[in-house]
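Peer 1: One structure, pasted below without further comment.
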Amino acid sequence: MIITDLLFHYFSGCHTEEERPKYKPLTQLGAPKIPEGERVDFDDIHRKRMEKDLLELQTLIEVHFEQRKKEEEELIGLKARIESRRAERAEQQRVRAEKERDRQTRIAEERQRKEDEEAKKRADDEAKKKKVLSNMGSGRFLQAEQKRGKRQTAREIKKKTLAERRKPLAIESLKEDGLRSRAKEMWEWIHQLESEKFDLTEKMKRQKYEVSPLLGNI
2 MIITDLLFHY
12 FSGCHTEEER
22 PKYKPLTQLG
32 APKIPEGERV
42 DFDDIHRKRM
52 EKDLLELQTL
62 IEVHFEQRKK
72 EEEELIGLKA
82 RIESRRAERA
92 EQQRVRAEKE
102 RDRQTRIAEE
112 RQRKEDEEAK
122 KRADDEAKKK
132 KVLSNMGSGR
142 FLQAEQKRGK
152 RQTAREIKKK
162 TLAERRKPLA
172 IESLKEDGLR
182 SRAKEMWEWI
192 HQLESEKFDL
202 TEKMKRQKYE
212 VSPLLGNI
């Protein structure tokens, strides 16, 4: 019993009160009854007592290692759950980071696309503006040449017309009625010139009014 008690106290100290294996000591045996007239075999009694102690010791050892095995399995399971949770969090963080990178990439691509479209639109507008200005320049040059030719032709016609109209007054020999007739002709001629001047002025105003909106759209 001494060995059994020592081992029991030893193994009992390795656990907390809740984890400590439940030790059930065997029922105390009373002193064996020796039949009268028979010889007592103390060696056999001692041997049986030793076998009993060894059996109790073996039971304690098995309980101890079974408890240790259970604790180790629980510890391994706990570590596995911790690692699984850590891996799960790492995967979630990786997925979130990847989604954020994709979002930033889409934003950058959309920004670049808009910038390219705006740059292309500006370039197209600039090209259209240059084309219009070029066409207008060419048109103005042609118009200027035409106007120059027209002015020259008109000037020549005007000179010819004036030369035809500018007749010598020859009023020295005219009497009163002739002078009145000649004055009336001069007044009609001046009125015609003023009317032509007014028509030309109005025509220039209309042309300027028609060209102004076109220049504003460039």
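For the sequence shown, this note's numbering gives the first residue as 2, with consecutive numbering after it.
Ideal Cβ positions, reconstructed from N, Cα and C, are used throughout, including at glycine.
Report buried or exposed for residue 57, applying the criterion of at least 16 other Cβ atoms within 10 angstroms of its Cβ.
Peer 2: buried
Peer 1: Which value, in whole angstroms, describes the spacing of the CA atoms of residue 182 and residue 206?
Peer 2: 37 Å
Peer 1: Taking the C-alpha atoms as reference points, what is the distance between residue 66 and residue 76?
Peer 2: 15 Å
Peer 1: What is the rounded straight-line gap between the Cα of residue 70 and the Cα of residue 94?
Peer 2: Using only the alpha carbons, I get a separation of about 36 Å.
Peer 1: Quick one: grab the DSSP three-state call for residue 206.
Peer 2: helix
Peer 1: Can you give me the C-alpha to C-alpha distance between residue 99 and residue 135, rounded to a whole angstrom?
Peer 2: Using only the alpha carbons, I get a separation of about 53 Å.
Peer 1: Measuring only the C-alpha atoms, how far is residue 201 from residue 210?
Peer 2: 14 Å
Peer 1: Please classify residue 203: is it buried, with 16 or more other beta-carbons within 10 angstroms of its beta-carbon, or exposed?
Peer 2: The residue in question, residue 203, is exposed, as its Cβ has fewer than 16 Cβ neighbours within 10 Å.
Peer 1: Return helix, strand or coil for residue 70, following the three-state DSSP convention.
Peer 2: helix
Peer 1: Tell me the DSSP secondary structure of residue 103 in three-state form.
Peer 2: helix
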